[in-house]
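**Q** Below is one structure. I have some questions about it.
2 protein chains.
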Amino acid sequence: MTELRRVLGVDPGLAATGFGVVDGDGRAATVVTLGAFRTSAKHARAQRLAEISEFIGALIEEHQPQELALEQQYVARNVRSAFAIGEVRSAAMVAAATRGVAVYEYAPAAVKEAVTGYGAAPKEQVRHMVMVQLGLSEQPSPLDASDALAIALTRLAELPVEEALARTARVGDGARRDEA
Amino acid sequence: MTELRRVLGVDPGLAATGFGVVDGDGRAATVVTLGAFRTSAKHARAQRLAEISEFIGALIEEHQPQELALEQQYVARNVRSAFAIGEVRSAAMVAAATRGVAVYEYAPAAVKEAVTGYGAAPKEQVRHMVMVQLGLSEQPSPLDASDALAIALTRLAELPVEEALARTARVGDGARRDEA
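Sequences listed follow chains Z and P, in order. Residue 494 is where the first sequence starts when you use the numbering used here, and the numbers rise one by one after that. Residue 494 is where the second sequence starts when you use the numbering used here, and the numbers rise one by one after that.
The structure is reproduced here in structure tokens:
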């Protein structure tokens, strides 16, 4: 049996960063908390990044997730948006890594595949499957939170595979020991 | 007379982040410290970003600069490099903004213009003028440190202009008071 793992999924955005803390073992999962953290466009960009980093830090200290999961982007409308997205993602990664929380990143297609079984699923289908997998009767609001939950579920979906690999490795170790 | 201002210039890079702390008033400037902080490619990216953020934070706490100056990039070889550069810059901005240090950003041409008087100056000329302006007998090493000093000097070069504007504003205030 896989132990329960607590994962913080984050969907980073300068204006609104979605978050969702999920407990699961890759088979069943439940929401611990979810929401979106907003920053004001009246604040300087560096200040907004610091607010996001401090918020994620506080969330980690309150809920003690073992891991943080993020979407890894490889595309952006243009180079300038890519700079901006990288900045916000980094604010979240710094908050996690300074607290010893491991960071996992997933391509958008990997999130869709993990949550719906189909790597090119439309956003609506991903959001519907998030509700189904987490037993939610309502659409998580705002939608940034739903996207963050999808990312957390993507990490949790890897656990049974990791467990199987670890078992194989243990069998392998045993075999090597027998030969020695 | 302009008060001395202490500025931390940073040239962010995932492998090596150049830094230089400079005291100046926009007319004369002296180096407080300079160098480059390196991270190991063996560490996870999130870990490296956290190390950079923590290093910049420690530098701020030790030398107490009032401001941090960074190069603002608008171009990158490709979208993927833009994400990476944004991530490292954010790690430095978060370190500054969480400690109440104001962040200033300059386009590469503005740095060249401020340091050499010519916005399309070659890198070598910028590095030479950094030595001249700071009274250094040797090229700062590594070159990332020299680039960080150039960025700090760019911020300091604005001070006489800011001071002149502030004086104008005070004269204007007086005139308005006379009319009342």
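Don't be surprised by glycine CBs; every beta carbon is placed ideally from N, CA and C.
Counting only Cβ-Cβ distances shorter than 7 Å, please list the residues of the stretch 551-574 of chain P near chain Z, keeping chain order.
**A** Here the close residues are Gln566, Tyr567, Val568, Ala569, Val572 and Arg573.
**Q** Going by DSSP in three states, Z/Gly520 sits in which element: helix, strand or coil?
**A** In the sequence as displayed, the identity of residue 520 of chain Z is Arg instead of Gly. DSSP places Z/Arg520 in coil when its eight states are reduced to three.
**Q** Specify, as a first and last residue, the run of the beta strand (DSSP E) that Z/Leu561 falls within.
**A** Z/Leu561 -> beta strand (DSSP E) spans Glu560 to Glu564.
**Q** I'd like the ranges of any alpha helix (DSSP H) spanning at least 4 consecutive residues and lying wholly in the stretch 630-666 of chain Z.
**A** Whole alpha helix (DSSP H) segments, 4+ residues: 636-650.
**Q** With distances taken between CB atoms, is the gap from Z/Ile644 to P/Gly579 smaller than 8 Å?
**A** Cβ distance not < 8 Å, so Z/Ile644 and P/Gly579 don't count as in contact.
**Q** Return no unless some Cβ of chain P is closer than 8 Å to the Cβ of Z/Phe576.
**A** Output row for Z/Phe576: interface = yes.
**Q** In chain P, what lies closer than 7 Å to Z/Ser533 by C-beta?
**A** Correct list: empty, because the minimum Cβ distance to chain P is about 14 Å.
**Q** How do the stretch 553-566 of chain Z and the stretch 628-635 of chain Z stand: do at least 3 beta-carbon pairs fall below 8 Å, yes or no?
**A** No, the stretch 553-566 of chain Z does not touch the stretch 628-635 of chain Z.
**Q** Return helix, strand or coil for P/Arg570, following the three-state DSSP convention.
**A** Here P/Arg570 sits in coil by DSSP.
**Q** Checking contacts by CB at 8 Å: is Z/Thr591 closer than that to chain P?
**A** Output row for Z/Thr591: interface = yes.
**Q** Whole angstroms is fine: what's the gap from P/Arg660's alpha carbon to Z/Thr591's?
**A** If I take the Cα positions, the gap works out to 44 Å.
**Q** What do you get for Z/Tyr597, buried or exposed, if any count of 16 or more other CB atoms within 10 angstroms of its CB means buried?
**A** Its Cβ being crowded by 16 or more others within 10 Å, Z/Tyr597 is buried.
**Q** According to DSSP, which residues form a beta bridge with P/Thr510?
**A** Bridge partners of P/Thr510: P/Phe530.
**Q** From which residue to which residue does the alpha helix (DSSP H) around Z/Glu606 run?
**A** Looking at the DSSP string, the run of the alpha helix (DSSP H) that includes Z/Glu606 is Pro601 to Thr609.
**Q** How far does the beta strand (DSSP E) with Z/Val594 in it extend, from its first residue to its last?
**A** First-last for Z/Val594: undefined, no H or E at that position.
**Q** Would Z/Pro653 and Z/Gly506 qualify as a contact pair, given that the criterion is a beta-carbon distance under 8 Å?
**A** Cβ atoms of Z/Pro653 and Z/Gly506: not closer than 8 Å.
**Q** Can you tell me whether DSSP reads Z/Leu552 as helix, strand or coil?
**A** Here Z/Leu552 sits in helix by DSSP.
**Q** How long is the line joining the alpha carbons of Z/Leu563 and P/Leu563, rounded to whole angstroms?
**A** Cα-Cα distance, rounded: 26 Å.
**Q** Report the option in P/Arg499, P/Tyr611 and P/Val515 whose CA atom is closest to the CA atom of P/Ser639.
**A** Here the closest residue by C-alpha is P/Val515.
**Q** Following the continuous beta strand (DSSP E) through P/Leu497, name the residue where it begins and the one where it ends.
**A** Run containing P/Leu497: none; DSSP gives neither H nor E here.
**Q** Taking 8 Å as the cut-off, decide whether the C-beta atoms of Z/Ala539 and P/Met586 are in contact.
**A** Cβ atoms of Z/Ala539 and P/Met586: closer than 8 Å.
**Q** Rounded to whole angstroms, what is the Cα-Cα separation between Z/Ala589 and P/Ala589?
**A** If I take the Cα positions, the gap works out to 18 Å.
**Q** Between P/Ala595 and the rest of its own chain, which residues show a CB-CB distance below 6 Å, the 5 nearest in sequence each way excluded?
**A** If we look at P/Ala595 and ignore the five residues flanking it on each side, its Cβ neighbours are Glu560.
**Q** Under a Cβ-count criterion, where at least 16 other Cβ atoms within 10 Å of its own Cβ denotes burial, should P/Ala521 be classed as buried or exposed?
**A** With fewer than 16 other Cβ atoms within 10 Å, it is exposed.
**Q** What residues from the stretch 494-517 of chain P come within 9 Å of chain Z, judged by C-beta to C-beta, listed N to C?
**A** Going along the stretch 494-517 of chain P in chain order, one finds no residue with a Cβ nearer than 9 Å to chain Z.
**Q** Does the beta carbon of Z/Arg648 come closer than 8 Å to any beta carbon on chain P?
**A** Z/Arg648 does not count as touching chain P.
**Q** Using the DSSP secondary-structure output, state which residues sit across from Z/Val515 in a beta bridge.
**A** DSSP output for Z/Val515 lists Z/Val500 and Z/Val524 as bridge partner(s).
**Q** Report the rounded CA-to-CA distance for Z/Val664 versus Z/Ala529, giving the unit in angstroms.
**A** For Z/Val664 and Z/Ala529, the distance between alpha carbons rounds to 44 Å.
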